[in-house]
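So the structure is just underneath, and the comments pick up after that.
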């Protein structure tokens, strides 16, 4: 196992409270359109990309007891519709924070009938576009240019280009002693098989808990990793199961810049190797049943063992297909 580069996160006694929101939406998606190769299961199980939306985030927040007037800002990881929600449902005093270059895509619909953005998301409300290249400190978290959002080391926005214009990740400090963090990866990857295993986090010879048992019931179970290694396209315990599917022009359906997307992915692998960091991607359905969702908080993830239990659960996707959708 290789030692990952240091993340160089500045020390701080400050933390933020984090909750993971179950958006209640899910869709099957053909793996071959976005990832290579197809392994066992023929589709991605994910949340966040379904035309049928049971509830929007503002409604879910209110049901959990939050007054939307208390929301100072909505931060988009990027502008794709499955990551923006309906900002118009928040008070006009709520600021919209977006990544670099997002404002160049304004105006939105209906001012621009062909726009993928909605004018109602930003019109008549304060907006802020993050510009990492103008940071006076040149702060970096791992390989990511970073912005200390609150100025106290509790929450960082990270420049993570490749998937979309203005794509950002975030790093939240969940405890101070010891320092633990949640890495909010947005659409850095669509399936955790793009991220793992890696040089820094190789597939162990024995998987414990076993990913083949339901969450919360598998702590005393185990299974040999060879069961899954035999499905790996190169039989490697140190290379991800998936790579981006590219067309004849070496372009990807899910990235605006393949080279930058690969660099962002490699940065995420370096973060993922840290025992004190829980990586949560927007479409990681394998965490369903492992994490506790809003209105519960996620700050106690380490003591609850979420990283250990969830790390290899994505492997269960490669064994059969039950025809259902996982939700998170």
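Numbering (the numbering used here), first residue to last: 43 to 370. Note that CB positions come from ideal geometry on N, CA and C, so glycine has one too. Quick caveat: nothing in here was measured; it's all calculated off a predicted structure.
Continuous alpha helix (DSSP H) stretch holding residue i: start and end
i           : result
residue 112 : Element bounds for residue 112: n/a, residue is neither H nor E.
residue 314 : 300–314
residue 281 : Neither: residue 281 is in no alpha helix (DSSP H) and is coded neither H nor E.
residue 345 : 343–346
Buried or exposed (CB count within 10 angstroms, at least 16 for buried), residue i
i           : result
residue 266 : exposed
residue 251 : buried
residue 253 : buried
residue 238 : buried
residue 163 : buried
residue 109 : exposed
residue 89  : Low per-residue confidence applies at residue 89: pLDDT is 39, beneath 50, and the placement is therefore not dependable enough to give any value.
residue 326 : buried
residue 354 : buried
residue 236 : buried
residue 226 : buried
residue 232 : buried
residue 194 : exposed
residue 295 : exposed
residue 328 : buried
residue 43  : exposed
residue 158 : exposed
residue 192 : exposed
Three-state secondary structure assigned by DSSP to residue i
i           : result
residue 156 : coil
residue 102 : helix
residue 87  : Low local confidence applies: a pLDDT of 44 at residue 87 is under 50, so the model's placement there is unreliable, and no value is given.
residue 353 : coil
residue 329 : helix
residue 129 : helix
residue 144 : helix
residue 47  : coil
residue 137 : strand
residue 188 : strand
residue 180 : coil
residue 360 : helix
For residue j and residue i, believed in contact at Cβ under 8 Å, the rounded distance
i           : j           : result
residue 199 : residue 188 : 7 Å
residue 49  : residue 183 : 6 Å
residue 77  : residue 287 : 6 Å
residue 360 : residue 273 : 5 Å
residue 27  : residue 203 : The requested residue 27 is not part of the displayed model; the chain covers only 43 to 370.
residue 340 : residue 332 : Actually they are not in contact, since the Cβ atoms of residue 340 and residue 332 sit about 11 Å apart, beyond 8 Å.
residue 315 : residue 46  : 4 Å
residue 81  : residue 356 : Their Cβ separation, rounded to whole angstroms, is 11 Å, which puts residue 81 and residue 356 out of contact at 8 Å.
residue 186 : residue 211 : 7 Å
residue 249 : residue 280 : No, residue 249 and residue 280 are not in contact; Cβ-Cβ is about 16 Å, not under 8 Å.
residue 140 : residue 171 : 5 Å
residue 205 : residue 125 : That belief does not hold up - the Cβ atoms of residue 205 and residue 125 are roughly 10 Å apart, past 8 Å.
residue 63  : residue 335 : 6 Å
residue 137 : residue 100 : Not a contact, Cβ separation roughly 15 Å.
residue 57  : residue 218 : 5 Å
residue 337 : residue 107 : 6 Å
residue 152 : residue 161 : 7 Å
Boundaries of the beta strand (DSSP E) in which residue i is found, first to last residue
i           : result
residue 170 : 169–171
residue 320 : 319–322
Below-9 Å beta-carbon distance, residue i vs any chain B residue
i           : result
residue 353 : Here chain B cannot be found, since the structure has a single protein chain.
| Ordered list of beta strand (DSSP E) runs contained in the region 191–278, each at least 3 residues | With a minimum length of 3 residues, the continuous beta strand (DSSP E) runs that stay inside the region 191–278 are 197–201, 210–218, 221–226.
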